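When you line the sequence shown up against this note's numbering, it's residues 141 to 358, in that order. Glycine is no exception: its CB is placed at the ideal position from the N, C-alpha and C atoms. These numbers were taken from a predicted model, which means no experiment stands behind them. Notes for the one structure printed next.
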Amino acid sequence: MQKLSRDDMAKRVAQDIPEGAYVNLGIGLPTRIANYLPSDKEVFLHSENGLLGMGPKPAPGEEDPELINAGKEYVTLLQGGCYFHHGDSFAMMRGGHLDICVLGAYQVSARGDLANWSTGAPDAIPAVGGAMDLAVGARQVFVMMDHLTRDGECKLVEHCTYPLTGVGCVSRIYTDLAVIDITAHGPVVREIFNGLSFDELQRITPVTLTYDAVAETA
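Structure (structure tokens):
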């Protein structure tokens with residue numbers, strides 16, 4: 141089973157971010173999207189530690205220790221970008237001023253519940269942090285994740301077993317195997333990558349899928 145690389149996943153998500161959108165990229169995998177947004181598309185990237193107008197990661201040796209995202213990764217600031225108090229940043233998140241947030245996930249349920257902050261393990265982080273505010277505050281929530289865990293368990297599940305970040309908040313899932321929309325009628329597959337069949341995708345996914353492709357890739 142051939143999967144998309146993480147960079148190819150980021151490129152695919154970047155294609156769906158529209159001109160003029162205000163977008164938060166969650167910690168981890170979603171931050172790669174910044175490196176693949178077309179230079180001729182104006183997208184305003186937000187970080188909850190108080191940045192608006194982020195660009196791609198800096199070239200080696202050009203890192204600025206005062207320019208980091210919420211994951212403490214070095215970033216660049218595009219012309220016209222700004223930074224501000226994180227209290228103002230959270231007001232943007234909670235006030236519905238973000239068009240899209242892209243988050244990672246441990247699990248997403250068939251109804252769009254999101255679990256992305258803890259597996260319940262004894263050494264897990266103690267609090268949900270800004271992911272909760274993003275999940276309920278952004279107009280659309282995209283999830284970017286591997287389809288399967290390292291143990292081969294699917295991350296798209298009927299009901300989440302990990303602590304929830306948000307309820308019914310996810311609108312679209314990008315995995316290394318497919319693009320899946322969460323709809324009122326259940327998960328709908330829009331794309332399948334690298335020639336994987338729908339039957340094979342369904343076999344490894346423990347929820348009922350519907351296939352309504354808009355653009356299947358070879």
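Check                                                                                                         : Outcome
Other residues of its chain near A358: CB distance less than 7 Å, five sequence neighbours each side excluded : Only weak support exists for where A358 lies, its pLDDT of 33 falling under 50; the value from the coordinates is given anyway. Counting only Cβ-Cβ distances below 7 Å, and skipping sequence neighbours, we find G335.
Spatial distance of F338 from A250 (CA atoms)                                                                 : 17 Å
G166 in three-state terms, based on DSSP                                                                      : coil
Member of A271, E206, P198, L217 whose CA lies at the smallest distance from the CA of R234                   : A271
Identified DSSP bridge partners for V248                                                                      : L254, L296
Selection from F282, V297, M232 that minimises the alpha carbon distance to L288                              : V297
Rounded distance between the beta-carbons of L254 and G306, thought under 8 Å                                 : 5 Å
Whole-angstrom C-beta distance between Y223 and G190, which should lie under 8 Å                              : 5 Å
Neighbour-count burial assignment, D316, 16 or more Cβ in a 10 Å radius                                       : buried
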